[in-house]
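Chains as they are written, first to last, in this note's numbering: chain A, 27 to 173; chain D, 27 to 173. All remarks here apply to the structure that follows.
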DNA sequence: CTTTAAACAGTGTAATTACACCTATTATAG
DNA sequence: CTATAATAGGTGTAATTACACTGTTTAAAG
């Protein structure tokens, strides 16, 4: 009897839709804080991951970031072009290991303070306890789901 | 005194990093369920939003999806090419209104069952209560943060 | 040792995302 | 009514994402 009966009953239950929305929203905010550093929040996360796993391979970093391996290859290109990251032959003849350059470390350190401002701004907007809850929920998801 | 003192202390606190990881992970899973329908989870969400807001403008749909307006324009291209969505002149001479075609509604209805399987699979993996908590947290974020 | 399988990484193609910049239309100020 | 603002939308460029496919190197099977 209703006019629009069945269509569009999916979104109210779709976790993926929410996650994609939230990722877009937060990414744009963080990007705004990082703009003066010349890097995006995606690049910041990649630099941070490489910094924390010095000499790791492409596949290892991709797995850590829950990212397709070929996506990581593409995302490395601009960071290599501006000289923040280098790839070197790994122990294994197949793999290549990633490393931050001196200028990459410097840029990352500078970006840290901007990132912190972005995170604090977010926590101020949503409230610390909600952010803690959300972080914990996301950690549970990321830990439990297979790559 | 420590070997790696300051570098990489950002990620453990970064909500955006988590959100981007989770969005990639979930999107790939949902995409796998939808592959036989020939659409992605991003396209499914867009079809659902248009279906639920018939005759809405580009900007309205973009705002609803927390998406940049120009991103929406780009995302519409493949859906228009395969004939699932049409844009028509809006009441205002500037705006254009979006509408699903008959084949678009049909494709969306068919995709619904695949989406449901994807969502159920996710809930089975993470647990229903955790999913509900996460959904509620994300709703809080999406409601509270300005576009 | 040779063959086969597995692991590691790059490229072609295409969708996703968004900023800077542009055009066109409508609304507002004077 | 005209000049200016604001609103709506598209394009150029570039980064982000991932699948299909390819090549190369190492490991495993025989």
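Glycine is no exception: its CB is placed at the ideal position from the N, C-alpha and C atoms. Every value quoted in this text rests on a predicted model; they were computed, and no experiment measured them.
**Message:** Looking at chain A, is there any beta carbon in it that lies within less than 9 Å of the beta carbon of residue 95 of chain D?
**Reply:** no
**Request:** Compare the C-beta of residue 156 of chain A against all C-beta atoms of chain D and say whether one is closer than 9 Å.
**Result:** yes
**Asked** What is the rounded straight-line gap between the Cα of residue 103 of chain D and the Cα of residue 97 of chain D?
**Response** 10 Å
**Start and end residues, alpha helix (DSSP H) containing residue 80 of chain D** = Note, residue 80 of chain D: premise wrong, no alpha helix (DSSP H); not H, not E.
**Message:** Can you tell me where the alpha helix (DSSP H) holding residue 52 of chain A begins and where it ends?
**Reply:** 41-60
**Message:** Buried or exposed for residue 117 of chain A, going by 16 or more other Cβ atoms inside 10 Å?
**Reply:** exposed
**Message:** Only counting the same chain, and skipping five residues up and downstream in sequence, which positions put a Cβ closer than 8 Å to that of residue 173 of chain A?
**Reply:** 89 and 92
**Message:** Checking 9 Å against the spacing of the C-beta atoms, do residue 115 of chain D and residue 125 of chain D come in under that value?
**Reply:** no
**Message:** Can you pull the chain D neighbours of residue 161 of chain A, defined as C-beta to C-beta under 7 Å?
**Reply:** 41 and 44
**Message:** For a test of the three-state rule: what should DSSP assign to residue 120 of chain D, helix, strand or coil?
**Reply:** coil
**Asked** Out of curiosity, what's the CA-to-CA distance linking residue 68 of chain A and residue 57 of chain A?
**Response** 9 Å
**the region 57-66 of chain A contacting the region 132-148 of chain A, beta-carbon criterion three pairs below 8 Å** = yes
**Request:** Output yes if chain A places a C-beta closer than 9 Å to the C-beta of residue 173 of chain D; else output no.
**Result:** yes
**Message:** I'd like to know if residue 67 of chain D contacts chain A, where contact means its C-beta is closer than 9 Å to some C-beta of that chain.
**Reply:** yes
**Prompt:** chain D beta carbons: is any one of them nearer than 9 Å to that of residue 64 of chain A?
**Reply:** no
**Message:** Using 9 Å as the threshold, is the C-beta distance between residue 134 of chain A and residue 70 of chain A below it?
**Reply:** yes
**Message:** Quick check on DSSP: helix, strand or coil for residue 171 of chain A?
**Reply:** coil
**Asked** How is the beta strand (DSSP E) around residue 115 of chain A delimited, first residue to last?
**Response** 111-115
**Request:** Can you have a look at residue 119 of chain A and say buried or exposed, based on whether 16 or more other CB atoms are within 10 angstroms of its CB?
**Result:** exposed
**Asked** Counting only beta-carbon atoms, is residue 101 of chain A nearer than 9 Å to chain D?
**Response** no
**Request:** Show which residues of chain D have a CB atom less than 7 Å away from the CB atom of residue 50 of chain A.
**Result:** 92 and 93
**Message:** Using 8 Å for Cβ pairs, my map puts residue 52 of chain D next to residue 45 of chain A. What's the rounded Cβ distance?
**Reply:** 6 Å
**Request:** Rank D:165, D:39 and D:84 by C-alpha distance to the C-alpha of residue 37 of chain A and give the top, closest one.
**Result:** D:165
**Request:** Indicate whether residue 182 of chain D and residue 131 of chain D have their beta-carbon atoms separated by less than 9 Å.
**Result:** The shown model of chain D, from 27 to 173, leaves out residue 182 of chain D, and the question about it has no answer.
**Item:** Residues, ordered as in the chain, of the region 138-155 of chain D that lie near chain A by beta-carbon distance below 9 Å
**Value:** 138, 141, 142, 144, 145, 148, 149, 151, 152 and 153
**Request:** Compare the Cα-Cα distances from residue 39 of chain A to each of D:171, D:145 and D:163 and report the closest residue.
**Result:** D:145
**Message:** Give me the residue from D:43, D:74 and D:55 with the minimum Cα distance to residue 74 of chain A.
**Reply:** D:43
**Request:** Output yes if chain A places a C-beta closer than 9 Å to the C-beta of residue 122 of chain D; else output no.
**Result:** no
**Message:** Considering only their Cβ atoms, is the gap separating residue 94 of chain A from residue 160 of chain D smaller than 9 Å?
**Reply:** no
**Request:** Count the other CB atoms, across all protein chains shown, that sit within 10 Å of the CB of residue 30 of chain D; report buried if there are 16 or more and exposed otherwise.
**Result:** Because the pLDDT of residue 30 of chain D is 48, which lies under 50, any placement of that residue in the model is unreliable, and the question is left without a value.
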